[in-house]
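Some notes on the structure that comes next.
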Amino acid sequence: MPTVSDGRQTREKFRDIAWWAHERGRVMAEIDSHRQPLDLNSLFPIPKRVLRKGFAEGGQEWMWANWGVRPGRFGA
Numbered sequence: 003m004p005t006v007s008d009g010r011q012t013r014e015k016f017r018d019i020a021w022w023a024h025e026r027g028r029v030m031a032e033i034d035s036h037r038q039p040l041d042l043n044s045l046f047p048i049p050k051r052v053l054r055k056g057f058a059e060g061g062q063e064w065m066w067a068n069w070g071v072r073p074g075r076f077g078a
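When we follow this note's numbering, the leftmost residue of the sequence shown carries the number 3, and every step to the right adds one.
Encoded structure:
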């Protein structure tokens, strides 16, 4: 049965892992400010029919409806 001490050790390990991951991402962003760790368009591309309407006309609404982000956030 796990003890309180085991829980604390696990918490500290996860805290350290999260800190290192955050620091790695921060340093990468400083080195290359145009890098995008998550490109939503590569995962779920904007359809050509939406792009033909133009970004202001159809793209913004499509991004909000399908990705849940507003234009201008996360490099979009």
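Glycine is no exception: its CB is placed at the ideal position from the N, C-alpha and C atoms.
Would you identify the three-state DSSP class for Phe-46, choosing helix, strand or coil? As a position in the sequence shown, residue 46 is number 44, starting the count at 1. In this structure, Phe-46 counts as coil in the three-state DSSP scheme.
N-terminal and C-terminal residue of the alpha helix (DSSP H) that Arg-26 is part of: As a working mapping, residue 26 is identified with position 24 in the sequence shown. Per DSSP, Arg-26 belongs to the alpha helix (DSSP H) from 6 to 33.
If you reduce the DSSP assignment to three classes, tell me which class Leu-53 lands in. Indexing the sequence shown from 1 puts residue 53 at position 51. Residue state, collapsed to three classes: helix.
Would a C-beta distance cut-off of 9 Å place Val-52 and Trp-64 closer than the cut-off? Locating residue 52 in the sequence shown gives position 50, counting from the first residue. Locating residue 64 in the sequence shown gives position 62, counting from the first residue. Yes. Within cutoff.
Taking DSSP as the reference, what is the three-state secondary structure of Met-3? Sequence index remark: in the sequence shown, residue 3 carries index 1 (1-based). Three-state DSSP puts Met-3 in coil, outside helix and strand.
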